[in-house]
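What follows is a set of notes on a single structure, which appears directly below.
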Amino acid sequence: MRDLRDHLQTCVYERFKGYIEVTNKRFETLESMISEQSRQIENLQRIIRSGKSVNYSGGSSSNLAALALLSTEPDLISNDISSRGESSSGARRQVVSTFPHDEITCHRTISAHTCGVTSVAVSQDRVYAGAHDGSTKVFDISTGELIRDAKGHTMSVWGLAVMPSGDRYFSAGSDGTIKVWDLGENTSEATLIKTLPDHNAKVYGLVVDNGRLYSASSDKTIKVWDTETLECLATFQGHTGGVNCLAARTDTSARQLVTGSSDKTIKLWDVTTGTCLNTVRRGTSEVLDVAVGDGMLFGSTYDAVINVYDLNEIRELGTLSGHNWEVWQLEYGQGHLFSASFDHTIKRWDPRRFQCDLTLKGHKSFVHGMALAENCLVTGCADRTIKIWR
3 MRDLRDHLQT CVYERFKGYI EVTNKRFETL ESMISEQSRQ IENLQRIIRS GKSVNYSGGS
63 SSNLAALALL STEPDLISND ISSRGESSSG ARRQVVSTFP HDEITCHRTI SAHTCGVTSV
123 AVSQDRVYAG AHDGSTKVFD ISTGELIRDA KGHTMSVWGL AVMPSGDRYF SAGSDGTIKV
183 WDLGENTSEA TLIKTLPDHN AKVYGLVVDN GRLYSASSDK TIKVWDTETL ECLATFQGHT
243 GGVNCLAART DTSARQLVTG SSDKTIKLWD VTTGTCLNTV RRGTSEVLDV AVGDGMLFGS
303 TYDAVINVYD LNEIRELGTL SGHNWEVWQL EYGQGHLFSA SFDHTIKRWD PRRFQCDLTL
363 KGHKSFVHGM ALAENCLVTG CADRTIKIWR
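Given below as structure tokens:
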């Protein structure tokens with residue numbers, strides 16, 4: 003006991019522990035304040051653009067100047083038909099966003115989990131999250147409010163995929179099962195429709211594309227499911243190691259699937275026939291994640307490097323280096339590649355120039371999950387939080 007007391011008296015960490023805890027609480031308070039102020043600014047912008055009057059009493063001249071600046075901001079409202087299908091004659095009009103091209107900041111932090119967040123997905127106005135405790139949660143993306151909660155897996159949830167309608171989602175994880183959830187009922191919990199137990203080991207990835215669900219497993223296979231009947235239609239075999247990741251290729255008329263494996267290869271599949279079209283041999287490190295877009299293929303590994311390939315000619319174009327630890331997540335959209343790493347950061351890359359043009363910091367641990375939408379990026383972390391970036 004005396005040795006312990008002596009250690010605590012001389013330990014540098016113990017001497018600074020109180021300061022660190024206070025500082026972390028201050029950062030959390032600042033994040034909350036910034037998020038609230040951002041919401042207020044967005045509300046003011048919407049009111050001003052709609053032409054409604056703003057009731058404002060009191061306040062400093064700097065606040066009045068800020069309101070004036072908002073009112074003279076360039077009109078960002080388009081008269082095009084909105085992405086949800088309302089006609090231009092209706093009340094709804096589409097707001098043109100600069101995401102993901104300019105500066106990106108943390109718009110909201112959701113802290114509803116009691117354990118690490120292991121996977122995320124985003125669809126329409128909802129964020130879906132899986133966690134180490136086997137639970138899945140659904141949040142309102144604009145408010146951060148918890149909409150649904152479900153506990154069905156007995157181990158960590160590593161894969162999530164959402165139907166385009168948004169009323170059904172799929173989860174998969176270390177227990178080797180895929181679970182199908184319905185959000186149609188107006189309850190606080192998602193309804194479990196079915197459990198798909200066909201895999202013999204952990205399921206690490208899920209993708210929904212064109213009425214099919216694709217699942218990647220450490221049993222070395224990829225399975226194809228009908229999203230309506232939930233029948234297993236096919237099993238792709240060819241990897242000699244566990245399949246860690248997968249991505250659907252949508253920039254070609256032929257439906258194709260890309261998978262990455264612990265056997266240190268990336269495979270390109272014809273999903274109609276189940277034929278392996280090409281194999282990229284990575285070399286010395288297993289493949290952790292893949293992404294595709296604009297004729298390019300990206301693969302990340304344990305060595306913290308992202309390889310870039312010409313997807314049509316299956317040849318390496320170069321590498322993206324900048325992370326300090328392994329890169330677990332890749333997402334591609336609108337000419338940018340996003341990568342999430344165990345070094346606690348998310349990076350945005352210009353893949354044609356092989357340059358990182360933005361690093362997002364804010365998470366305090368390993369970034370396990372990432373999902374890209376048209377107007378935001380969502381990340382899930384071992385620090386028990388979900389962050390929405392815009």
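Each residue of the sequence shown is one higher than the last, beginning at 3 in our numbering.
Cβ atoms here follow ideal geometry from the backbone N, Cα and C, with glycine treated the same way.
Being a predicted model, the structure only gives us computed values, none of them experimental.
Bridge partners of residue i, per DSSP?
i: S449; result: Beyond the ends of the chain as shown, which are 3 and 392, falls residue 449; an answer cannot be given.
i: S217; result: L208 and K225
i: G382; result: G371 and I388
i: W160; result: According to DSSP, W160 bridges with nothing at all.
i: N280; result: L270
i: G301; result: V292 and N309
i: E318; result: Y311
i: I143; result: None; I143 has no bridge partner.
i: G117; result: Note on identity: in this sequence residue 117 is Cys, with Gly being the wrong assignment. Beta-bridge pairing links C117 to no other residue.
i: L125; result: The sequence given here has Ser at residue 125, not Leu. S125 pairs with R128.
i: T197; result: K181
i: S323; result: V307
With a threshold of 6 angstroms on Cβ separation, who are the neighbours of residue i within its own chain once the five nearest residues in sequence on each side are excluded?
i: D184; result: R170, T193 and I195
i: A67; result: The predicted model places A67 with a pLDDT of 39, which falls under 50 and marks its position as unreliable, so this point remains unresolved.
i: L198; result: I180
i: G168; result: S125 and Q126
i: I1; result: This structure cannot speak to residue 1, because the chain is shown only from 3 to 392.
i: D265; result: H241, T242 and G243
i: D385; result: H365, K366 and S367
i: T229; result: G213 and L215
Only counting the same chain, and skipping five residues up and downstream in sequence, which positions put a Cβ closer than 8 angstroms to that of residue i?
i: L219; result: Per the sequence presented here, residue 219 reads as Ser, with Leu not at that position. G178, H201, N202, A203, K204, V205, Y206, K225, G244 and V245, listed in sequence order.
i: D296; result: D253, Y334 and G337
i: E191; result: R150, D151 and A152
i: G136; result: K153, G154, H155, T156, M157, S158, V159, G175 and D177
Once DSSP output is grouped into helix, strand and coil, what is the label at residue i?
i: L313; result: coil
i: T336; result: In the sequence as displayed, the identity of residue 336 is Gln instead of Thr. Q336: coil per DSSP, three-state reduction.
i: Y130; result: strand
i: H109; result: strand
i: S264; result: coil
i: S287; result: coil
i: F238; result: strand
i: T231; result: coil
i: K363; result: coil
i: G175; result: strand
i: D104; result: coil
i: T252; result: coil
i: E187; result: coil
i: F138; result: The residue you asked about is not Phe; residue 138 is Thr in the sequence shown. Three-state DSSP puts T138 in a strand.
i: R355; result: coil
i: N246; result: strand
i: A192; result: coil
i: Q152; result: Residue identity check: residue 152 is Ala in the sequence provided, not Gln. The answer is strand: DSSP assigns A152 an E or B state.
i: R257; result: coil
Give the straight-line distance between the Cα atoms of residue i and residue j, rounded to the nearest whole angstrom.
i: H109; j: I390; result: 6 angstroms
i: Q239; j: H155; result: 26 angstroms
i: Y304; j: H241; result: 18 angstroms
i: K222; j: F172; result: 20 angstroms
i: A163; j: V210; result: 6 angstroms
i: R283; j: I316; result: 10 angstroms
i: L235; j: W227; result: 5 angstroms
i: D352; j: L322; result: 9 angstroms
i: G382; j: T275; result: 35 angstroms
i: L374; j: A249; result: 13 angstroms
i: E147; j: F141; result: 5 angstroms
i: S287; j: V380; result: 27 angstroms
i: N326; j: T100; result: 29 angstroms
i: E328; j: T387; result: 20 angstroms
i: L208; j: Q331; result: 13 angstroms
i: L360; j: E233; result: 43 angstroms
i: M372; j: L299; result: 18 angstroms
i: F446; j: V289; result: Because the chain here runs from 3 to 392, residue 446 falls outside it and cannot be looked at.
i: P102; j: T231; result: 37 angstroms
i: A293; j: G301; result: 7 angstroms
i: G324; j: T138; result: 32 angstroms
i: T255; j: V273; result: Reading off the sequence, residue 255 comes out as Ser, not Thr. C-alpha separation (whole angstroms): 12 angstroms.
i: G262; j: L339; result: 17 angstroms
i: T277; j: W271; result: 6 angstroms
i: K269; j: T281; result: 5 angstroms
Please work out which residues of its chain come closer than 7 angstroms, Cβ to Cβ, to residue i, disregarding the five sequence neighbours upstream and downstream, and give them in chain order.
i: H134; result: C117, G118, T120 and S158
i: N314; result: G297
i: I112; result: F141, G146, T387 and I388
Under the criterion of a Cβ to heavy atom distance below 6 angstroms, does residue i qualify as lining the ligand GTP?
i: V182; result: Among the ligands in the structure shown, none appear at all, so the ligand GTP cannot be discussed.
Distance cutoff 7 angstroms, beta carbons only. Does residue i sit that close to anything in chain D?
i: Y130; result: Absence of chain D from the displayed structure is noted, only one protein chain being present.
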